[in-house]
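The C-terminal position of the sequence shown is numbered 449 in the working numbering, with every residue numbered one higher than the one before it. For reference, the structure is listed below as C-alpha cells.
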Amino acid sequence: MNREQSPSEGFSSSSLNTSSESEQHNEVTGSSNQQHEPLEQLPLMSAAPSNVFNYYRSIEKCRRDAIEILTESKVNFLLKEITNTNRRVHIRKGLDFRFCTTDPEHPSALREIPIGGYFNPIQENITICCDRMANPGALKETMSHEMLHVYDMARFGDLSDCNLRACAEIRAYNLTGTCDNAHKQSQYNYSREECARIHALLSTAPMCGPIQAEHSTKTVLPHCFNDHTPFDPKSQPVNIEKISSKGVFKRTSRYDF
Numbered sequence: 193m194n195r196e197q198s199p200s201e202g203f204s205s206s207s208l209n210t211s212s213e214s215e216q217h218n219e220v221t222g223s224s225n226q227q228h229e230p231l232e233q234l235p236l237m238s239a240a241p242s243n244v245f246n247y248y249r250s251i252e253k254c255r256r257d258a259i260e261i262l263t264e265s266k267v268n269f270l271l272k273e274i275t276n277t278n279r280r281v282h283i284r285k286g287l288d289f290r291f292c293t294t295d296p297e298h299p300s301a302l303r304e305i306p307i308g309g310y311f312n313p314i315q316e317n318i319t320i321c322c323d324r325m326a327n328p329g330a331l332k333e334t335m336s337h338e339m340l341h342v343y344d345m346a347r348f349g350d351l352s353d354c355n356l357r358a359c360a361e362i363r364a365y366n367l368t369g370t371c372d373n374a375h376k377q378s379q380y381n382y383s384r385e386e387c388a389r390i391h392a393l394l395s396t397a398p399m400c401g402p403i404q405a406e407h408s409t410k411t412v413l414p415h416c417f418n419d420h421t422p423f424d425p426k427s428q429p430v431n432i433e434k435i436s437s438k439g440v441f442k443r444t445s446r447y448d449f
C-alpha cells in the first residue's frame, strides 16, 4: 500500500503535539479517494431527517466548516481522546466528505437511507454526508456522534452485540447535541431520556431487527443514559459485562452495517 501524507497524520496524537492547529485540522479533514468497503462492513451511523438536506452546495464548504468545528472545545476534547496512541480503534484516514445521495462510489443501499454519516473501522475513517446536513449545527452533531462511536468501540470492542450497539447509540444521541432541546419537544414527552431511547431504537433496528432492538434499548437505557464518559470525570462508566447481551448479535441483511 502506497503511503502518502493523509488524514491519518491529523488524527495521530503525535501530530496533535507537533503540528500547528491550522495544519492539524486541514490534515484531519482530508478526503480519501479509496472506495468504501462492502455494505456489511459499514457499522455505525447517525440519522439525518430527509426533509432538511442540501444546506451544503459544495463539499469544500462542508470541509471548511468541519475544520472550524474541530477547534471547538468539546469536539476538540473528543478528538484528542480518540487519537490517543494507546487506543485500540484508530481513525488513520480522518474524515471523508461526500455527497452520499449521488456519489457513485457510495454504497447503493446507503443512498436509500437518510443518514448523516458513519464510522467505518475497516477503512479507519468517518464518512460525512455533506448533502444531508440541515446546517452547520447538524454537521457538528454528526461529527461528534461518530467520534463518540469511535470512543465507544475502543471501550466496548465488537459492537455486533446488540446491547452494546444500543448503548453506543444511546450515548451518542444523549451526549452530542441531538437531544439537547428534548425538554421542549412533545414528541419526546419533554424528556431527554425518551429522545435518546427513540433515536437509539431507530438506529439499532436495521442491524438487530425491531424486536431485539426494542429489547436491547430498554435493557441498557438506565445504565447507558447516565454514562457521560469521557466528558464528565465523575460519571460512572457503564459495566460492559453487565449489559452485554452475551450472544445476541446483529442479524445479516442488506442493511447490515
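Glycine is no exception: its CB is placed at the ideal position from the N, C-alpha and C atoms.
In this structure residue 356 touches residue 436 by the C-beta definition: roughly 6 Å separates them, less than 8 Å.
Boundaries of the alpha helix (DSSP H) harbouring residue 343: 328-348, taken from the DSSP string. In the assembly as shown, residue 366 is a buried residue. Its beta-carbon has 16 or more other beta-carbons within 10 Å.
The Cβ atoms of residue 364 and residue 408 do not sit closer than 9 Å to each other. Counting only the Cα atoms, residue 388 lies some 27 Å from residue 286. Going by DSSP, residue 269 is part of the alpha helix (DSSP H) stretching over 265-274.
Between residue 283 and residue 246 a beta carbon distance of about 27 Å is seen, past the 8 Å cut, so the two are scored as non-contacting. Distances from the CA of residue 432 to each of 411, 307 and 305 were compared; the closest alpha carbon is that of 411. Under the 10 Å beta carbon count, residue 382 is surrounded by fewer than 16 other beta carbons and is classified as exposed. Per DSSP, the continuous alpha helix (DSSP H) segment holding residue 355 begins and ends at 354-367.
Annotation for residue 274: 283, 339, 342 and 343 place their beta carbon closer than 7 Å to its own, counting only its chain and skipping 5 residues before and after. In the three-state reduction of the DSSP assignment, residue 287 falls in the strand class, which pools E and B. Beta bridge pairing from DSSP links residue 259 with no other residue. In the DSSP assignment, residue 321 falls within the unbroken beta strand (DSSP E) covering 317-321.
Fully contained in the region 377-410 are the following alpha helix (DSSP H) runs of length 4 or more, in chain order: 384-400.
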